[in-house]
Ligand SMILES: [Mg+2]
C-alpha cells in the first residue's frame, strides 16, 4: 500500500490548475503497481479538483486502490489516518526533490531518485501486502 500525494508529487505544483507531469512519475508509479502495491491517492484536493486528479491517473492507465482513504482499513481501525506502508509526498521529510525553476516554480518529486531508493532498500524484492 502506497499513499501518494498529487500536487508537487505526480504533477508540478500549479494548483488549482493541473501541473505538468513530474518526469518519470508515470513509469515509476506503473512499476510500483506492477509490483503489486495498491496506490491510494491522498491529496488536499477535493470536489472538481480531486476529480481532475483521479482523471489524471485514469488517462495514464494507473489504477488507484483508494481515493483519500484506504478502503479496507475500517475493518481493523477507526482511525482517520490513511494506512499505508509507504507515503510519497513532496512535503515529506527526506523525499527526493528536484529544484528546477525553469520547469516548475516549486520543487517536485524526483522519481528517478525515488525508484533508486526503492531498489536500494529492496522494496521491489519484498512481498507486498496490498
Ligand atoms: Mg504536495
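Residue numbers (UniProt numbering): 1 to 130. The beta-carbon is built from N, C-alpha and C at its ideal position, and this holds for glycine as well. Every value quoted in this text rests on a predicted model; they were computed, and no experiment measured them.
- Between residue 39 and residue 2, the C-beta spacing is below 8 Å.
- Excluding its 5 nearest sequence neighbours in each direction, residue 35 has C-beta neighbours in its own chain below 7 Å: 124 and 128, listed in chain order.
- With contacts defined as CB atoms closer than 8 Å, residue 68 and residue 41 qualify as a contacting pair.
- Per DSSP, residue 88 is one residue of the beta strand (DSSP E) stretching across 86 to 88.
- For the alpha helix (DSSP H) assignment, the uninterrupted runs of no fewer than 4 residues enclosed by the segment 40 to 116 are, from N- to C-terminal side, 47 to 59.
- Secondary structure of residue 37 (DSSP, three-state): coil.
- Per DSSP, the unbroken beta strand (DSSP E) holding residue 2 starts and ends at 2 to 4.
- Of 126, 61 and 55, the smallest CA-CA separation from residue 85 is found for 126.
- The segment 76 to 91 makes no contact with the segment 52 to 63: fewer than 3 CB pairs, one atom from each, lie closer than 8 Å.
- Beyond the five residues adjoining it in sequence on each side, residue 31 comes within less than 8 Å, by CB distance, of 115 and 124 in the same chain, given in chain order.
- Nearest to residue 91 by alpha-carbon distance, out of 62, 112, 107 and 61, is 107.
- With 7 Å as the limit, the residues whose C-beta approaches a heavy atom of ligand 1 more closely than that are 5, 6, 7, 8, 9, 13, 89, 90 and 91, in chain order.
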